[in-house]
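Scroll down for the structure; my scribbles are underneath it.
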Amino acid sequence: MKDSTLATKVMIAILCLGVAVYLGFYLARGWDDPLVTTLAYSYAQDLGAEATGILIRRETVLSGSGGSYVDQVLNEGEKAAAGQTVALLYSDPSALTTRQSIRTLNAEIDQLNYALSSGTQNTDASRLDAKVLASMVNLRALTAQGDLTGLEDSALELRTLVFKRDYTYGDTDAAGQLSQLIAGKRAQLDELTRSLSQVSRVVSAPASGVFSGSVDGWERVASPDILDSLTAQELSALLAQPGSADVDAVGKLITDSTWYFAALLDGTDTGLQAGRSYDLAFSGDYYGQIRMKLERISLENGQTLAIFSCRSHMADTTLLRVQTVDVITRQLEGIRVPRKALRVVTETVTDEDGNTSQVNRYGVFTVVRSQAEWQEVDVLYTNDNFYLVRPVDENSSTRLRAGDEVILNSSDIYDGKVVR
Numbered sequence: 001m002k003d004s005t006l007a008t009k010v011m012i013a014i015l016c017l018g019v020a021v022y023l024g025f026y027l028a029r030g031w032d033d034p035l036v037t038t039l040a041y042s043y044a045q046d047l048g049a050e051a052t053g054i055l056i057r058r059e060t061v062l063s064g065s066g067g068s069y070v071d072q073v074l075n076e077g078e079k080a081a082a083g084q085t086v087a088l089l090y091s092d093p094s095a096l097t098t099r100q101s102i103r104t105l106n107a108e109i110d111q112l113n114y115a116l117s118s119g120t121q122n123t124d125a126s127r128l129d130a131k132v133l134a135s136m137v138n139l140r141a142l143t144a145q146g147d148l149t150g151l152e153d154s155a156l157e158l159r160t161l162v163f164k165r166d167y168t169y170g171d172t173d174a175a176g177q178l179s180q181l182i183a184g185k186r187a188q189l190d191e192l193t194r195s196l197s198q199v200s201r202v203v204s205a206p207a208s209g210v211f212s213g214s215v216d217g218w219e220r221v222a223s224p225d226i227l228d229s230l231t232a233q234e235l236s237a238l239l240a241q242p243g244s245a246d247v248d249a250v251g252k253l254i255t256d257s258t259w260y261f262a263a264l265l266d267g268t269d270t271g272l273q274a275g276r277s278y279d280l281a282f283s284g285d286y287y288g289q290i291r292m293k294l295e296r297i298s299l300e301n302g303q304t305l306a307i308f309s310c311r312s313h314m315a316d317t318t319l320l321r322v323q324t325v326d327v328i329t330r331q332l333e334g335i336r337v338p339r340k341a342l343r344v345v346t347e348t349v350t351d352e353d354g355n356t357s358q359v360n361r362y363g364v365f366t367v368v369r370s371q372a373e374w375q376e377v378d379v380l381y382t383n384d385n386f387y388l389v390r391p392v393d394e395n396s397s398t399r400l401r402a403g404d405e406v407i408l409n410s411s412d413i414y415d416g417k418v419v420r
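Taking the working numbering, I'd label the letters of the sequence shown as residues 1 to 420.
Okay, here's the thing in structure tokens:
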């Protein structure tokens, strides 16, 4: 009996050991995958020079003397007509709360009018019921989470949906209730408007333009009038001085549709030509590329002064002043491959005089059907993460193409090796 028990234990131990070895073998294979690939693809790399400069616009500062509390009526970058109200000045701090209440009432009246006008139209009752239910769930979720930021809007939306539902199901009193509610809101709005007018003063636009609520002190210094005679030394001094904002200002108007960027570039061999247009890549307060025309270029003391102009993207750049950008002078197009994919083969070559030298050939291995295939390339651009390359022979039928599967790492790789 004891011999039988011992034999059983030995068999179980051998079985467990075999399972452990089996799992360990496949686990090791999973961690040591001999073939890792990715796709090569077409890519365009922008090349240029870094420049630091200042945005120059024709601007009019709007004074706010006489009011302690400012309420800007227009949004940043919004167009203003001559004589239009751009800001309100209040002598009483409670007026700001009143102004917010007026905005809320206006929004409520708009929504209730929408409910009244759309209630008489044909509405899918089942779909409306689903919206009411969803609005109730959303309201319950906001309350449970303690999120009161959108609670008022959600409650108003639910009330509007309930009125529309009453219309749909033929509640004849709904129209009267809704009209009465709108009348009450309008009475509140009129009362608040009257009280606000007694403690407010209007700031109007002296001319048409684009409104900005940011006043940085450069408005009177960085004027387009200085551009014709501006030198690199003067621009460098201008960039070094701090702006001094007007404490009484409530905003400004940009009154010319053309704005400028005066920039300094290190060196004089920048490849820039006056009269041509270039893309300026912004990456700070504004992220994107803006096409600008190079109006004037000046080379002074190892620096390049470049003055660019633009008639678009005004609303996007009202808050920008001193900026560092990349002036894109040309673009390289090729095939992008990861750094791990590029391989170097060093060969010894002999010239006609019998002199030998070492020559590096660059290439990648691609997967063609089930084999690795060597593709020789020229390196156009180097980055920390990738190389931009092109085939050595552009006419070869076996050249590297966008969409090819390139091998990142594999042990003992060579041309023609079966990798799958």
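Backbone N, C-alpha and C fix where the C-beta goes; we use that ideal spot for every residue, glycine too.
Just the C-alpha distance for residue i and residue j, rounded to the nearest angstrom, thanks.
| i | j | result |
| --- | --- | --- |
| residue 184 | residue 75 | 29 Å |
| residue 222 | residue 206 | 20 Å |
| residue 229 | residue 216 | 23 Å |
| residue 323 | residue 301 | 22 Å |
| residue 360 | residue 265 | 35 Å |
| residue 419 | residue 16 | 34 Å |
| residue 344 | residue 362 | 5 Å |
| residue 347 | residue 304 | 44 Å |
| residue 30 | residue 19 | Confidence at residue 30 is low in this model, with a pLDDT of 49, below 50, so its placement is unreliable and the value that follows should be read with caution. Computed Cα separation, rounded: 17 Å. |
| residue 271 | residue 390 | 24 Å |
| residue 120 | residue 113 | Residue placement at residue 120 is poorly supported in this model, since its pLDDT is 49, which falls under 50; the coordinates still yield a value, given next. Rounded to whole angstroms, residue 120 to residue 113 spans 12 Å at the Cα level. |
| residue 214 | residue 399 | 56 Å |
| residue 240 | residue 367 | 56 Å |
| residue 11 | residue 5 | 10 Å |
| residue 406 | residue 415 | 13 Å |
| residue 108 | residue 83 | 28 Å |
| residue 259 | residue 268 | 25 Å |
| residue 41 | residue 138 | 45 Å |
Since residue i is in the beta strand (DSSP E), which residue starts that stretch and which ends it?
| i | result |
| --- | --- |
| residue 236 | Taken as a continuous stretch (DSSP letters only), residue 236 belongs to no beta strand (DSSP E), being part of the alpha helix (DSSP H) at 232-240. |
| residue 314 | Where residue 314 is concerned, there is no enclosing beta strand (DSSP E), given that its DSSP letter is neither H nor E. |
| residue 293 | 287-300 |
| residue 85 | 85-90 |
| residue 348 | 343-350 |
| residue 390 | 386-391 |
| residue 409 | 405-409 |
| residue 252 | 249-254 |
| residue 378 | 371-382 |
| residue 228 | Counting along the chain, residue 228 falls outside any beta strand (DSSP E), and DSSP gives it neither H nor E. |
| residue 281 | 277-283 |
Let me check understanding here. Comparing Cα to Cα, which of the options lies closest to residue i?
| i | options | result |
| --- | --- | --- |
| residue 308 | 302, 300, 251 and 295 | 295 |
| residue 210 | 315, 35, 389 and 420 | 315 |
| residue 306 | 97, 103 and 277 | 277 |
| residue 385 | 159, 49, 342 and 250 | 342 |
| residue 310 | 35, 55 and 13 | 55 |
| residue 203 | 135, 281, 350 and 249 | 249 |
| residue 326 | 46, 380, 194 and 238 | 46 |
| residue 238 | 317, 12 and 53 | 53 |
| residue 224 | 212, 254 and 208 | 254 |
| residue 280 | 340, 141 and 263 | 263 |
| residue 387 | 43, 413 and 37 | 43 |
| residue 98 | 69, 85 and 110 | 69 |
| residue 321 | 143, 128 and 218 | 218 |
| residue 408 | 21, 36, 14 and 9 | 36 |
DSSP beta-bridge partners for residue i?
| i | result |
| --- | --- |
| residue 51 | 265 and 325 |
| residue 364 | 375 |
| residue 202 | 88 |
| residue 336 | 41 and 388 |
| residue 154 | Residue 154 is not bridged to any residue. |
| residue 59 | 254 |
| residue 307 | 262 and 296 |
| residue 210 | 79 and 254 |
Open item on the list: For the region 45-64 against the region 188-195, do three or more pairs of beta-carbon atoms, one drawn from each stretch, fall closer than 8 Å, so that the two count as touching?
Closed with: no
- [ ] Decide if the region 326-337 is in contact with the region 369-376; the criterion is three or more beta carbon pairs, one per stretch, under 8 Å apart.
- [x] no
Open item on the list: Quick check: the region 348-365 against the region 76-83, are at least 3 beta-carbon pairs closer than 8 Å?
Closed with: no
Task: At least 3 beta-carbon pairs within less than 8 Å: the region 235-248 vs the region 275-287 - done: no
Open item on the list: Three or more C-beta pairs under 8 Å: does that hold for the region 95-106 against the region 131-140?
Closed with: no
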